[in-house]
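No gaps in the numbering here: position 45 of the sequence shown is 46 in my numbering, and each next residue is one more.
Here the structure comes first, spelled out in structure tokens, and everything after it is commentary.
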Amino acid sequence: MLIGGDFNILRYQEEKNNDRFDTHWPFLFNAVIDSLDLREVSMSGRQFTWANNRSVPTYEKLDRVLMDTEWELKFPLVTVRALERIEALSDHAPIILDSNSTNTSARRPFKFELGWLHRGGFVDMVKNIWEKPAVGHTLIQRWNFKIRAMRR
């Protein structure tokens with residue numbers, strides 16, 4: 002499951018540029034997210050996704066993307082980016098979600114073959130790959146990066 006959009010609720014106080022923060026709605030929103038076992042896809046680009054266009058503006062992060070474990074396993078390299086807000090068009094910043102995936106259904110799943118253990122240098126190759134830093138924000142992204150390195 003993937004859910005994204007303008008939820009019109011903050012999750013944390015740092016998602017607003019001033020101290021006017023009511024904990025009631027964020028508490029309930031986070032409780033719903035936890036009860037559904039969802040995780041927020043970390044967002045790059047802009048810190049805030051909404052502004053009220055006043056002379057002393059309020060900035061907030063109201064737009065977000067939430068995913069469950071099944072979706073994250075299918076698309077472990079997903080990214081979300083908040084772009085520059087165009088004030089004349091909207092009070093929200095446009096959001097881009099990129100699954101960073103080519104045809105995932107065509108990929109063969111990784112399978113370990115016992116015969117590999119008998120190949121010279123195999124164990125050293127695995128050790129070298131697993132000791133190197135991996136690209137990715139989440140554990141599943143880093144795991145996927147290392148598995149791909151093994152395939153090469």
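From the three backbone atoms N, C-alpha and C, an ideal C-beta is built for every residue, glycine too.
Here the structure is a predicted model, which is why all the values come from computation and not from measurement.
Proximity below 8 Å, CB of residue i to CB of residue j
| i | j | result |
| --- | --- | --- |
| valine 124 | methionine 151 | no |
| arginine 65 | glutamate 41 | yes |
| glycine 46 | leucine 98 | no |
| leucine 39 | proline 27 | no |
Cα-Cα separation, residue i to residue j
| i | j | result |
| --- | --- | --- |
| asparagine 1 | arginine 149 | It is not possible to answer for residue 1, since the shown part of the chain is limited to 2 through 153. |
| lysine 112 | glycine 121 | 19 Å |
| histidine 138 | alanine 89 | 34 Å |
| aspartate 69 | glutamine 142 | 14 Å |
| leucine 140 | proline 77 | 9 Å |
| glutamate 15 | histidine 119 | 54 Å |
| isoleucine 4 | glutamate 132 | 35 Å |
| methionine 44 | asparagine 129 | 31 Å |
| threonine 59 | valine 33 | 26 Å |
| aspartate 23 | phenylalanine 30 | 12 Å |
| asparagine 145 | arginine 55 | 45 Å |
| lysine 17 | asparagine 53 | 12 Å |
| glutamate 134 | histidine 25 | Looking at the sequence shown, residue 134 is not glutamate but proline. In a straight line, the C-alpha of proline 134 is about 40 Å away from that of histidine 25. |
| glutamine 48 | serine 102 | 25 Å |
| lysine 147 | threonine 80 | 18 Å |
DSSP three-state assignment for residue i, whether helix, strand or coil
| i | result |
| --- | --- |
| serine 36 | helix |
| lysine 128 | helix |
| glutamate 114 | coil |
| leucine 3 | strand |
| arginine 143 | helix |
| lysine 133 | coil |
| glutamate 61 | strand |
| threonine 50 | coil |
Per DSSP, the bridge partner or partners of residue i
| i | result |
| --- | --- |
| aspartate 23 | Note: aspartate 23 sits in no beta bridge, so no partner. |
| arginine 149 | For arginine 149, which the question treats as bridged, DSSP gives no partner whatsoever. |
| valine 81 | Met44 and Leu98 |
Counted within 10 angstroms of its Cβ, other Cβ atoms place residue i as buried (16 or more) or exposed
| i | result |
| --- | --- |
| isoleucine 87 | exposed |
| leucine 74 | exposed |
| glutamate 114 | exposed |
| leucine 63 | buried |
| leucine 37 | exposed |
| glutamate 71 | exposed |
| tryptophan 51 | buried |
| valine 154 | For residue 154 there is no data in the structure shown, the boundaries of the chain being 2 and 153. |
| valine 136 | exposed |
Within-8 Å CB hit, residue i to chain B
| i | result |
| --- | --- |
| isoleucine 141 | In the displayed structure, chain B is absent; only one protein chain is listed. |
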